[in-house]
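Below you'll find the structure, written out as structure tokens, and then a few comments.
There are 2 protein chains.
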Amino acid sequence: MMWSRIIKNSITLGQTRIASSLVPGEPECPDIKTDLPGPESKKLRKELGAMQETGSVEVFGDYDKSIGNYFVDADGNIFLDAFCQISCVSVGYNHPELLKVFNDEHNMKCMINRPALAVFPGITWPKRIQNLLSQISPCLPNMTLMMCGTCSNENAFKNIFIAYQRKKRGENVDFSEEEKKTCVLNKPPGSPNLSILSFLNAFHGRTMASLATTHSKYIQKIDLPSLNWPIAHFPMYKYPLEENKRENDEEDQKCLAEVEDLIEQYDKCGVPVAGIIVEPIQSEGGNNEASPHFFQELQKTAKRHGAYLLLDEVQTGGGGTGRFWCHEYFDLETPPDLVTFSKKMQLGGYFHTLELTPKLPSRVFNTWMGDPGKVILLENIIRIIGEQNLLEVVQNTGKKLKCNLHDFEKEFCHLIDSVRGPGTFLAFNAKSVKIRDQIIRNMKCKGVMCGGCGIQGVRLRPALIFQEHHADIFLAKLREVLMEL
Amino acid sequence: MMWSRIIKNSITLGQTRIASSLVPGEPECPDIKTDLPGPESKKLRKELGAMQETGSVEVFGDYDKSIGNYFVDADGNIFLDAFCQISCVSVGYNHPELLKVFNDEHNMKCMINRPALAVFPGITWPKRIQNLLSQISPCLPNMTLMMCGTCSNENAFKNIFIAYQRKKRGENVDFSEEEKKTCVLNKPPGSPNLSILSFLNAFHGRTMASLATTHSKYIQKIDLPSLNWPIAHFPMYKYPLEENKRENDEEDQKCLAEVEDLIEQYDKCGVPVAGIIVEPIQSEGGNNEASPHFFQELQKTAKRHGAYLLLDEVQTGGGGTGRFWCHEYFDLETPPDLVTFSKKMQLGGYFHTLELTPKLPSRVFNTWMGDPGKVILLENIIRIIGEQNLLEVVQNTGKKLKCNLHDFEKEFCHLIDSVRGPGTFLAFNAKSVKIRDQIIRNMKCKGVMCGGCGIQGVRLRPALIFQEHHADIFLAKLREVLMEL
Numbered sequence: 008m009m010w011s012r013i014i015k016n017s018i019t020l021g022q023t024r025i026a027s028s029l030v031p032g033e034p035e036c037p038d039i040k041t042d043l044p045g046p047e048s049k050k051l052r053k054e055l056g057a058m059q060e061t062g063s064v065e066v067f068g069d070y071d072k073s074i075g076n077y078f079v080d081a082d083g084n085i086f087l088d089a090f091c092q093i094s095c096v097s098v099g100y101n102h103p104e105l106l107k108v109f110n111d112e113h114n115m116k117c118m119i120n121r122p123a124l125a126v127f128p129g130i131t132w133p134k135r136i137q138n139l140l141s142q143i144s145p146c147l148p149n150m151t152l153m154m155c156g157t158c159s160n161e162n163a164f165k166n167i168f169i170a171y172q173r174k175k176r177g178e179n180v181d182f183s184e185e186e187k188k189t190c191v192l193n194k195p196p197g198s199p200n201l202s203i204l205s206f207l208n209a210f211h212g213r214t215m216a217s218l219a220t221t222h223s224k225y226i227q228k229i230d231l232p233s234l235n236w237p238i239a240h241f242p243m244y245k246y247p248l249e250e251n252k253r254e255n256d257e258e259d260q261k262c263l264a265e266v267e268d269l270i271e272q273y274d275k276c277g278v279p280v281a282g283i284i285v286e287p288i289q290s291e292g293g294n295n296e297a298s299p300h301f302f303q304e305l306q307k308t309a310k311r312h313g314a315y316l317l318l319d320e321v322q323t324g325g326g327g328t329g330r331f332w333c334h335e336y337f338d339l340e341t342p343p344d345l346v347t348f349s350k351k352m353q354l355g356g357y358f359h360t361l362e363l364t365p366k367l368p369s370r371v372f373n374t375w376m377g378d379p380g381k382v383i384l385l386e387n388i389i390r391i392i393g394e395q396n397l398l399e400v401v402q403n404t405g406k407k408l409k410c411n412l413h414d415f416e417k418e419f420c421h422l423i424d425s426v427r428g429p430g431t432f433l434a435f436n437a438k439s440v441k442i443r444d445q446i447i448r449n450m451k452c453k454g455v456m457c458g459g460c461g462i463q464g465v466r467l468r469p470a471l472i473f474q475e476h477h478a479d480i481f482l483a484k485l486r487e488v489l490m491e492l
Numbered sequence: 008m009m010w011s012r013i014i015k016n017s018i019t020l021g022q023t024r025i026a027s028s029l030v031p032g033e034p035e036c037p038d039i040k041t042d043l044p045g046p047e048s049k050k051l052r053k054e055l056g057a058m059q060e061t062g063s064v065e066v067f068g069d070y071d072k073s074i075g076n077y078f079v080d081a082d083g084n085i086f087l088d089a090f091c092q093i094s095c096v097s098v099g100y101n102h103p104e105l106l107k108v109f110n111d112e113h114n115m116k117c118m119i120n121r122p123a124l125a126v127f128p129g130i131t132w133p134k135r136i137q138n139l140l141s142q143i144s145p146c147l148p149n150m151t152l153m154m155c156g157t158c159s160n161e162n163a164f165k166n167i168f169i170a171y172q173r174k175k176r177g178e179n180v181d182f183s184e185e186e187k188k189t190c191v192l193n194k195p196p197g198s199p200n201l202s203i204l205s206f207l208n209a210f211h212g213r214t215m216a217s218l219a220t221t222h223s224k225y226i227q228k229i230d231l232p233s234l235n236w237p238i239a240h241f242p243m244y245k246y247p248l249e250e251n252k253r254e255n256d257e258e259d260q261k262c263l264a265e266v267e268d269l270i271e272q273y274d275k276c277g278v279p280v281a282g283i284i285v286e287p288i289q290s291e292g293g294n295n296e297a298s299p300h301f302f303q304e305l306q307k308t309a310k311r312h313g314a315y316l317l318l319d320e321v322q323t324g325g326g327g328t329g330r331f332w333c334h335e336y337f338d339l340e341t342p343p344d345l346v347t348f349s350k351k352m353q354l355g356g357y358f359h360t361l362e363l364t365p366k367l368p369s370r371v372f373n374t375w376m377g378d379p380g381k382v383i384l385l386e387n388i389i390r391i392i393g394e395q396n397l398l399e400v401v402q403n404t405g406k407k408l409k410c411n412l413h414d415f416e417k418e419f420c421h422l423i424d425s426v427r428g429p430g431t432f433l434a435f436n437a438k439s440v441k442i443r444d445q446i447i448r449n450m451k452c453k454g455v456m457c458g459g460c461g462i463q464g465v466r467l468r469p470a471l472i473f474q475e476h477h478a479d480i481f482l483a484k485l486r487e488v489l490m491e492l
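As they're listed, the protein sequences go chains A and B.
In terms of my numbering, the first sequence opens at residue 8 and continues consecutively.
In terms of my numbering, the second sequence opens at residue 8 and continues consecutively.
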């Protein structure tokens with residue numbers, strides 16, 4: 008199967024080791040000057056706390072000074088950033104090429120005059136969409152743009168429901184008067200009972216429908232009304248994978264059988280499964296991987312039952328796994344029906360098959376339908392990924408990181424295990440929540456940012472310009488932290 | 008009650024008539040050179056149609072050439088724009104002050120390095136939030152930022168549910184283990200049965216929960232699963248208002264009684280109403296106004312039942328009504344509990360009371376929580392509104408437009424009626440859907456853009472820089488169109 012041009016480039020070009028930093032002007036190493044948070048961050052947090060909920064804020068960023076892989080905070084502390092704004096920074100802070108983008112007057116005017124894109128798109132818009140599709144589409148012909156990952160999933164569900172009902176109604180059959188009347192009042196048959204099947208520990212966003220498919224942490228869901236939609240177990244593998252093959256294969260089978268069961272069960276009780284949403288790697292929920300075989304079979308199951316398969320690549324997409332789309336690793340027999348994205352892509356959106364495109368206007372619609380300013384940034388990020396061969400950088404850095412993390416899990420087997428993930432999209436587990444929190448905290452105090460995930464996971468989400476010499480610093484600091492625990 | 012500083016400015020400064028255009032370089036009048044759509048727009052539409060659903064696109068915009076109130080299309084046709092990207096353009100196309108904003112290096116870096124604002128806000132962020140609150144908050148102390156109107160409403164609902172359950176549970180009572188476990192599986196008691204009451208003909212967005220409160224057109228809702236939430240009638244007034252006072256007052260009473268009934272009914276059947284969402288003027292649904300008395304009583308009803316009142320100012324906010332917030336006209340005894348915004352404000356968000364702020368982090372949360380680049384644009388728009396005294400411009404232009412539209416509805420009483428709205432946030436009805444569509448079409452062919460709303464409404468949504476001489480053009484063209492029908 009043909010994937011995107013970027014991927015091919017990075018495969019055809021040979022391996023070249025790059026010694027200097029891809030973003031000029033980076034510091035040589037982290038530098039922590041104050042307690043964390045420092046006095047300036049503390050002061051700013053107090054100010055902000057009077058106007059917004061700030062429970063998740065610790066340090067404030069100095070985005071004038073942050074550069075490449077280095078995040079500088081309000082107190083001048085310099086961090087090597089392997090978390091990158093929850094996996095959103097693609098080519099590092101203040102990449103010189105991105106800073107130039109809006110020097111172009113046309114680009115600036117595209118950004119300032121944000122149109123209602125589904126009604127009055129600009130004259131360069133078709134070309135922009137065409138370029139995006141030809142460069143990065145996972146073999147899907149249509150693209151719908153949104154603003155964030157959550158609303159990409161919400162709207163992708165709508166495409167699914169619309170296509171599912173069209174199939175049921177018959178291709179050219181009109182809506183009935185009863186359907187037209189009842190839907191305005193939220194009632195069937197106009198608003199039918201349909202569901203999206205999701206997986207335990209999944210994270211797909213936080214508005215009502217996307218949150219109904221999110222099952223990661225209670226704090227994200229408690230007190231919020233939800234939907235009776237089917238939830239299957241996602242494979243939970245034992246590591247190292249090579250030593251637990253039989254058990255992990257059984258885990259796949261068990262989860263696939265449950266999916267099949269749930270589809271039949273929900274169909275019988277009048278809430279048919281119109282679609283299945285799944286992350287290629289459950290990210291927020293613990294960097295939980297499943298095998299290519301699992302995804303191949305899941306796709307077959309979906310097809311067998313007339314349900315559409317949506318791959319949520321909001322966190323996995325954009326290159327961190329060493330491929331532009333993580334599901335390229337799965338060797339699916341056809342592309343998924345829909346692939347949603349956001350984060351590193353700067354805005355939200357999804358690719359989909361023609362079958363998933365509504366035949367009438369104003370069904371999947373909102374005022375803006377994307378943002379030319381963000382698309383222009385994305386275009387340049389894609390160009391930089393190609394020019395700087397960043398997927399190969401990710402693969403090489405990832406190899407080094409993973410190899411060393413495997414050594415660490417042997418050396419510090421009382422502290423960590425289950426090293427996993429492709430590219431630099433890596434994680435490992437700590438032996439307890441407490442140890443996990445200590446590792447993240449102590450890394451931060453040594454000037455390295457990483458994130459938590461799942462119950463006791465530590466996740467790495469560096470930018471694509473995180474090179475082997477950055478990995479060396481990361482690994483040295485992690486070794487120190489593990490030694491000291 | 009003290010409202011925003013901008014409002015006070017525009018009230019304290021005397022009336023000054025401005026003869027020349029507020030945005031320099033505007034053409035003197037519309038100029039249509041081709042059939043609509045012209046050949047270039049047709050060609051572009053065909054290109055885009057292969058990649059996206061384009062049923063709502065007619066002409067493509069040339070945003071390099073569009074200026075002030077004038078939209079230029081791909082074929083060089085020049086339109087006086089009284090629709091403004093579905094009410095999103097605040098100070099006109101290519102306002103010279105907005106084009107300068109990102110010449111500032113700090114601003115550019117704020118825009119390029121988009122942070123996860125709820126975790127790593129920038130050092131200038133507290134000051135920016137403080138300025139927004141002090142300049143435009145409708146007397147509400149907290150602000151949560153989002154990306155669009157739909158997700159502002161979705162997330163505002165979450166604040167409502169969280170506060171409602173906290174009140175029920177008791178201020179400092181912990182979640183139960185059962186709540187924690189069940190909510191992850193979408194089940195009560197962790198995911199309780201709660202509802203938001205909305206009104207017929209309302210439009211609050213198009214993701215699941217916001218769409219469940221939208222009841223405007225079937226095409227927006229058909230085939231999409233929804234929620235059993237209460238829906239009340241919104242007052243439908245007879246015009247002219249002065250001649251139908253008794254009947255319209257009765258309409259208010261009937262709708263208020265229905266709200267009361269529905270709250271009691273839903274409470275009894277175990278789906279209590281945690282909040283009420285309402286537009287100050289139903290915009291998409293027909294520019295339907297309700298009286299200050301209606302809103303005052305609605306607020307009292309909400310308070311009496313412990314439901315929070317959310318005013319959706321996504322379309323009405325930002326100055327088009329002649330006040331910065333439309334609900335300033337209602338003289339409510341306290342501010343609403345929440346006020347959502349988007350469109351002219353460049354990004355989404357909402358103001359709210361402290362009671363509506365979650366006490367724990369990660370409950371109302373997403374990756375970006377707004378966008379500094381858009382906030383910087385908004386800051387400058389607010390500055391321009393103040394410096395150019397635009398609320399007064401809106402009031403003066405609106406007065407002229409409305410006065411003349413009233414004359415037209417007498418002169419052309421076989422074609423139009425029910426002129427309504429404050430400021431330039433105006434609408435009138437055509438006698439039939441067909442006549443409405445003809446008016447909009449014929450206006451467009453004469454080079455004036457306006458929009459439809461409701462069943463047979465024509466709505467005006469010009470930018471705040473739409474001056475009296477622009478109104479003259481609009482009125483002259485409308486008169487021609489009505490004469491020719």
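Note that beta-carbon positions come from the ideal geometry of N, C-alpha and C, so glycine has one too.
These numbers come from a predicted model, not from an experiment.
Simplified DSSP state of residue i, which is helix, strand or coil
i, result
"I472/A", "coil"
"A281/B", "strand"
"H334/B", "helix"
"N373/B", "coil"
"S205/A", "strand"
"H102/B", "coil"
CB contact check: residue i to chain A, cutoff 7 Å
i, result
"R443/B", "no"
"T308/B", "no"
"P196/B", "no"
"A123/B", "yes"
"A81/B", "yes"
Chain-ordered chain B contacts of residue i [CB-CB under 8 Å]
i, result
"I238/A", "L192 and N193"
"M58/A", "P133, I136, Q137, L140, P148, N149 and M150"
"S298/A", "By Cβ distance, chain B contributes nothing, its closest Cβ being about 25 Å from S298/A, past 8 Å."
"H334/A", "Ordered by position in chain B, no residue passes the 8 Å Cβ test against H334/A, which lies about 21 Å from the chain."
Contacts of residue i in chain B (Cβ-Cβ under 7 Å)
i, result
"S73/A", "N120"
"A216/A", "T214 and M215"
"K252/A", "By Cβ distance, chain B contributes nothing, its closest Cβ being about 30 Å from K252/A, past 7 Å."
From the options, residue whose alpha carbon lies closest to that of residue i
i, options, result
"E60/B", "I130/A, E362/A, K307/A and V64/A", "E362/A"
"N149/B", "E250/A, E54/A, I389/A and I442/A", "E54/A"
"K350/A", "G68/A, V382/A and P368/A", "V382/A"
"Q272/A", "N411/A, P195/A and L201/A", "L201/A"
"F337/B", "Q303/B, K453/B, E65/B and G277/B", "Q303/B"
"S27/B", "L489/B, F473/B and L482/B", "F473/B"
"E185/A", "E291/A, H113/A, V30/A and S198/A", "S198/A"
"M115/A", "I283/A, D378/A, E291/A and K40/A", "D378/A"
Residue-chain proximity (residue i, chain B), Cβ-Cβ < 7 Å
i, result
"G292/A", "no"
"T323/A", "no"
"P232/A", "yes"
"N5/A", "Since the first and last residues shown for chain A are 8 and 492, residue 5/A lies out of range."
Subject >> Three or more C-beta pairs below 8 Å linking the region 218-227 of chain B and the region 182-193 of chain B >> reply: Segments in contact, no.
Original post:
Would you call the region 203-211 of chain A and the region 393-404 of chain A in contact, with 3 or more CB pairs under 8 Å?
Top reply: Under the three-pair Cβ rule at 8 Å, the region 203-211 of chain A does not count as touching the region 393-404 of chain A.
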